[in-house]
Structures are given as structure tokens and as C-alpha cells.
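Chemist: Counting in my numbering, the sequence shown runs from 63 upward without gaps.
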Amino acid sequence: MNTKLLPTLLTVAAVALLVGVIATLGYQKLTNKSQTTSSPTATSQSQAADETADWKTYTNNSLKFSVKYPPDVTVKTDEEGFVWFSKSGATQTSNTEFFDALNLKIKTGSLGGQSLETFANKQFSLSSQPPGEVVANVTKTTLNGKTAYTFTIKGLGVFKHTLVDYTDQYLWVVDFTSDPTNQGFATIVQQILSTFRSLN
Numbered sequence: 063m064n065t066k067l068l069p070t071l072l073t074v075a076a077v078a079l080l081v082g083v084i085a086t087l088g089y090q091k092l093t094n095k096s097q098t099t100s101s102p103t104a105t106s107q108s109q110a111a112d113e114t115a116d117w118k119t120y121t122n123n124s125l126k127f128s129v130k131y132p133p134d135v136t137v138k139t140d141e142e143g144f145v146w147f148s149k150s151g152a153t154q155t156s157n158t159e160f161f162d163a164l165n166l167k168i169k170t171g172s173l174g175g176q177s178l179e180t181f182a183n184k185q186f187s188l189s190s191q192p193p194g195e196v197v198a199n200v201t202k203t204t205l206n207g208k209t210a211y212t213f214t215i216k217g218l219g220v221f222k223h224t225l226v227d228y229t230d231q232y233l234w235v236v237d238f239t240s241d242p243t244n245q246g247f248a249t250i251v252q253q254i255l256s257t258f259r260s261l262n
């Protein structure tokens, strides 16, 4: 072998080795950084799931659903057959309209062969009779990945009605939550609805 080429080959080999070491160290640092970055996401997802871990479960076999709710929320059935989840806020007073309270009603039933849209329009028509005032007309939406229709009526409070299709059954949700003191009632309502399970 040519002795003049030997130093050049050794230099090229040393540079290649150095580039390889730097590339390996850079890759390891990048991998560790992305693992560190993804850890809080996994933690926050498990925290979100854990937020309802100590909640109670309400099961209604006749209405064929179950749902989880916080232990400080009151549950009762009203005269229309809705299951009513409620919690008063700090400024709510008795025997007045709800201006500071978590209020969520849930009911299920048969569509009786009619479409969910037809049923929603009928309920809108009934609910918007005086003294009810229309805030939002019937619009198509989704809830928990299912087709739904929603409308909002103002009376003694603002009532957002959402009717969800459950294969010839409806899920009727009425949310009239008001949270002027920012206690997180709207978030709790969304968490309650996210735990809804049909028993069909």
C-alpha cells in the first residue's frame, strides 16, 4: 500500500467515525427529548380519565342507560320522566329561576317509527310556545359520535335541548346550567355526558 495514502485514509476514517458518533449522540438526545415531551400528554390523558374514577354511577334499567356523576350532585326523577342531575352554585337562591347551578336532565324513549329529526322538530315546536323564546333553531350536530339535533329555548333560564339517535330510541338531554361564578359546571356537564352508556 502507498504510504502517502495511509495518512489520508486514516484521516477519512477518523472523520467518518467522528460523524457517526455525533449522529448517534444527536439521535439519542432527540429520542429522549421526544419521549420526555410525550410523557405529559400520557399523564394528562390518564388524569382526564381519573377525574371520573371516584364518581357515582346512576343506572336506570327502565330508561336503559347508565351515567357517572360527581358525588356532590343531586339526582332525582322529575314529573316528565327526566333524570335530573343538579348542584346549586354559591349565589343560587331557592324558589327562583336557576341563575347559578348545574342542571342537566336526561331521558330516553322510543321514536315510534318516526325519524329523530321529525321528533326533534316536534319537541322544538312544543317547547317554543309562549312564554318560551327561541334562542337557537333546530340544527344537526353530533354527541359522543352519534347523530343529534339541538335547539335552545329561553324561559326561566336558557335550556339547550339535544336529541340523540340511538337506533329507534332517542336520548334527550336538556342542559340549563348557569355558572356566573366559574365553578366549572359546563365542564362537569360534558364529563357526565361523556360517561353515558346505553343499556340496549
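For each residue, glycine too, the CB sits at the ideal point set by N, CA and C. Note that the structure is a prediction, hence the values are computed from the model and not measured.
Please state the DSSP three-state secondary structure of Thr-114.
Modeler: coil
Chemist: List the DSSP bridge partners of Ser-128.
Modeler: Thr-121 and Arg-259
Chemist: List the DSSP bridge partners of Phe-147.
Modeler: Val-137 and Leu-166
Chemist: Taking 8 Å as the threshold (C-beta atoms), are Ala-163 and Thr-239 in contact?
Modeler: Taking 8 Å as the Cβ cut-off, Thr-239 and Ala-163 qualify as a contacting pair.
Chemist: Between Thr-209 and Asp-227, is the Cβ-Cβ spacing less than 8 Å?
Modeler: yes
Chemist: Could you work out which residue in Pro-132, Thr-121 and Leu-125 is closest to Glu-113 when comparing CA atoms only?
Modeler: Pro-132
Chemist: Using 8 Å as the Cβ pair cut-off and three pairs as the minimum, do the region 144 to 160 and the region 176 to 192 touch?
Modeler: no
Chemist: According to DSSP, simplified to helix, strand and coil, what is Gln-231?
Modeler: If DSSP states are grouped into helix, strand and coil, Gln-231 belongs with the strands.
Chemist: Less than 8 Å between the C-beta atoms of Gly-217 and Pro-193, yes or no?
Modeler: yes
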